[in-house]
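One gets the numbering used here by counting positions in the sequence shown from 1 and adding 5 to each. Virtual Cβ for every residue (Gly too), placed ideally from N, Cα, C. In this text, all values refer to a predicted model and were calculated from it rather than measured experimentally.
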Amino acid sequence: MTEHGHFINGKAVTGVSGRFGDVFNPTTGERQSVVALASTAETQAAVDVAERAFSEWAHVNPQRRARVMFKFKELVEKDMENLARMISSEHGKTLPDARGDIQRGLEVVEFACGIPHLQKGEYTEAAGPGIDVYSLRQPLGVCAGITPFNFPAMIPMWMFAISIACGNTFINKPSEKDPSCPLRLAELMMEAGAPEGVLNVVNGDKESVDALIQDPRVKAISFVGSSDIAQYIYAEGAKYNTRVQAFGGAKNHLIILPDADMDNAVNQLIGSAYGSAGERCMATPVAVPVGEGTAETLIELLRPKVEGLRIGPSNSEDSDLGPVVSAAHRDRIKSYIQMAIDEGQTPIVDGRDFTLQGYENGFFIGGTLLDHASPEHKSYQDEIFGPVLQIARARDFEEAVALPSKHQYGNGVAVFTRNGAAAREFAQKVNVGMVGVNVPIPVPVAYHTFGGWKRSGFGDVNQHGTEGVRFWTKIKTVTQRWPEDVQGSEFVIPTMG
Ligand code: NAD
């Protein structure tokens with residue numbers, strides 16, 4: 006049985022804690038490998054290494070740091086198929102979707118290639134007599150990223166590409182469910198020319214996460230995962246004076262106004278609700294048809310498409326979606342479907358009995374469509390994170406804005422309409438961090454920033470774009486006077502007035 010260890014100081018390292026997690030192939034249901042779960046001491050050893058590496062990497066000029074990123078991008082592109090197979094076999098997402106996961110991460114690497122420009126400070130000449138003011142964006146030191154199972158390529162790259170380009174050294178603590186891709190990315194960073202210790206991977210669970218938060222040498226932590234853990238990490242970070250951004254769960258709504266192009270809306274909705282078996286934080290598990298009759302039209306168009314979803318092995322190019330990540334997760338999704346029915350929702354398509362011939366032990370669940378979800382229902386308030394679409398009907402535009410705005414999560418939302426004024430008003434009013442207009446999954450491009458509101462995001466600074474550069478650097482402002490000859494002492498606060 007393959008045993009995944011860690012990647013520390015430029016090489017693969019065997020875990021010594023004696024604790025392991027199981028890594029499954031969700032398509033077959035087989036345990037395919039185990040992953041070492043690091044102890045506190047092993048995690049601290051990785052911080053030692055990263056701290057040593059920082060003393061040199063921080064002084065490598067930005068253009069050279071950018072060159073490592075250019076080379077890394079090239080190597081990841083060459084290794085795309087290998088990485089996609091790793092992701093698909095451990096996560097269960099289809100191969101084309103796994104390639105998308107890598108590609109979206111690479112776009113942040115491309116952004117990080119611009120670091121010489123992005124990390125420049127500002128300069129004010131002659132702010133006072135002989136006085137100039139300038140600011141520096143300096144790296145923080147050892148940084149860490151704690152990443153979820155559902156984007157094992159994109160989310161580590163969101164974090165380490167910008168952090169390392171800024172001159173930090175990095176420890177990625179990936180999900181224990183799919184460790185292969187993050188380990189391979191670290192190997193490729195070394196091949197790209199990153200010095201030993203600049204990117205390390207420590208596999209583990211709560212023990213290693215706590216060790217990272219509590220270590221005063223770790224200066225910043227980026228977390229992406231479920232909301233309760235995001236909140237825990239944010240609170241712990243405050244306790245230990247560690248900079249933290251923590252992104253949590255989601256329950257995104259896709260609003261369909263009565264004037265929308267229904268065929269287009271349904272085509273977009275089916276992909277965003279069921280793609281990746283619904284295991285995306287930007288999936289759209291709630292459809293909101295607005296006004297008389299819109300729901301009936303929507304259901305008529307949706308039902309055959311949900312029944313016709315091609316659910317298959319994750320390594321097939323022909324599957325629309327594969328299995329979900331684990332047996333426990335599949336069972337949890339099924340229990341939420343039952344909960345929704347008990348709460349009074351109408352099952353239009355019930356995927357609980359789905360099995361895939363030849364893969365009876367795989368973690369499959371069929372596409373499910375439920376009508377009449379409402380804010381009093383726990384199954385509507387909670388994130389289900391599976392191929393389950395709930396319809397929450399809205400009487401009018403105001404109710405359509407209120408549903409996502411009042412929901413506990415505020416990651417993404419989409420509105421489908423032909424009316425530009427309505428779309429504009431919706432985008433301005435809705436209390437959600439990322440909005441799509443006729444775009445079902447509005448994940449911003451790498452040079453804009455990603456971040457949800459309410460229980461989808463704890464902290465003030467978003468992922469990637471210039472916000473990423475802000476998060477992974479500290480600003481220093483220098484006020485200097487040349488020539489230095491000042492007449493007499495000044496006892497009053499200096500002003501430039
Ligand atoms: P998770 O919260 O179970 O795990 C995320 C990370 O936290 C993993 O590295 C895991 O090992 C670690 N972890 C787990 N339990 C911990 C504990 N008690 N203490 C400290 N660390 C712990 O999330 P997941 O199941 O891997 O990922 C799915 C979740 O992530 C969903 O809620 C999804 O919406 C969310 N997500 C959010 C975004 C976003 O940007 N907002 C993006 C992707 C996924």
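Reference residue i, options the options, closest by Cα
{"i": "A333", "options": "N366, S324, D347, Q350", "result": "N366"}
{"i": "G230", "options": "R189, S180, L262", "result": "S180"}
{"i": "R398", "options": "V203, A149, P263, R90", "result": "P263"}
{"i": "R109", "options": "L145, V65, W163, L100", "result": "W163"}
{"i": "K224", "options": "E381, Y245, Q236, L204", "result": "Y245"}
{"i": "V393", "options": "T373, V491, I238, F476", "result": "T373"}
{"i": "A103", "options": "N320, N443, I396", "result": "N320"}
{"i": "I151", "options": "Y128, R337, F165, V448", "result": "F165"}
{"i": "G242", "options": "K256, S232, S227", "result": "S227"}
{"i": "G415", "options": "Q395, Q124, T289", "result": "T289"}
Same chain only: Cβ atoms within 7 Å of residue i, ignoring 5 sequence neighbours per side
{"i": "A197", "result": "V73, K76, F77, L80"}
{"i": "V22", "result": "Sequence check: residue 22 is Ser here, not Val. Answer for S22: A41, L42, A43, S44, E47, listed in chain order."}
{"i": "P184", "result": "H9, V28, V40, N208"}
{"i": "G202", "result": "N14, G15, V54, A55, R57, A58, T174"}
{"i": "I218", "result": "I226, I238, E241, G242, Y245, T247"}
Backbone secondary structure at residue i - three-state DSSP
{"i": "S227", "result": "strand"}
{"i": "G150", "result": "strand"}
{"i": "M439", "result": "strand"}
{"i": "R357", "result": "coil"}
{"i": "A278", "result": "helix"}
{"i": "F25", "result": "strand"}
{"i": "F402", "result": "helix"}
{"i": "S319", "result": "coil"}
{"i": "T19", "result": "coil"}
{"i": "Y139", "result": "strand"}
{"i": "F431", "result": "helix"}
{"i": "A292", "result": "strand"}
{"i": "V214", "result": "helix"}
{"i": "R248", "result": "strand"}
{"i": "H11", "result": "strand"}
{"i": "T351", "result": "strand"}
{"i": "L111", "result": "helix"}
{"i": "F369", "result": "coil"}
Beta-carbon contacts of residue i that lie in its chain and below 8 Å, excluding the five residues immediately before and after
{"i": "L306", "result": "M267, D268, V271"}
{"i": "C118", "result": "A71, M74, F75, K78, A170"}
{"i": "S324", "result": "T99, R315, I316, G317, P318"}
{"i": "Q236", "result": "A251, G253, R460, F463"}
Range covered by the beta strand (DSSP E) that runs through residue i
{"i": "S38", "result": "35-41"}
{"i": "F165", "result": "Run containing F165: none in the beta strand (DSSP E); it sits in the alpha helix (DSSP H), 159-170."}
{"i": "D376", "result": "373-376"}
{"i": "D483", "result": "Looking at the sequence provided, one finds Val at residue 483 rather than Asp. Here the beta strand (DSSP E) through V483 covers 478-486."}
{"i": "L262", "result": "Counting along the chain, L262 falls outside any beta strand (DSSP E), and DSSP gives it neither H nor E."}
For residue i, the first and last residue of its enclosing alpha helix (DSSP H)
{"i": "A419", "result": "Careful: A419 lies outside any alpha helix (DSSP H), inside the beta strand (DSSP E) at 417-421."}
{"i": "L88", "result": "85-96"}
{"i": "V54", "result": "45-62"}
{"i": "I498", "result": "Counting along the chain, I498 falls outside any alpha helix (DSSP H), and DSSP gives it neither H nor E."}
{"i": "Q386", "result": "383-386"}
Cβ-based neighbour list, residue i, same chain, cut-off 6 Å, excluding 5 preceding and 5 following
{"i": "T302", "result": "M267"}
{"i": "G441", "result": "A419, P447"}
{"i": "R423", "result": "D264"}
Cβ-heavy atom distance, residue i to the ligand FAD, below 7 Å
{"i": "P294", "result": "The ligand FAD is not among the ligands present in this structure, which contains only the ligand NAD."}
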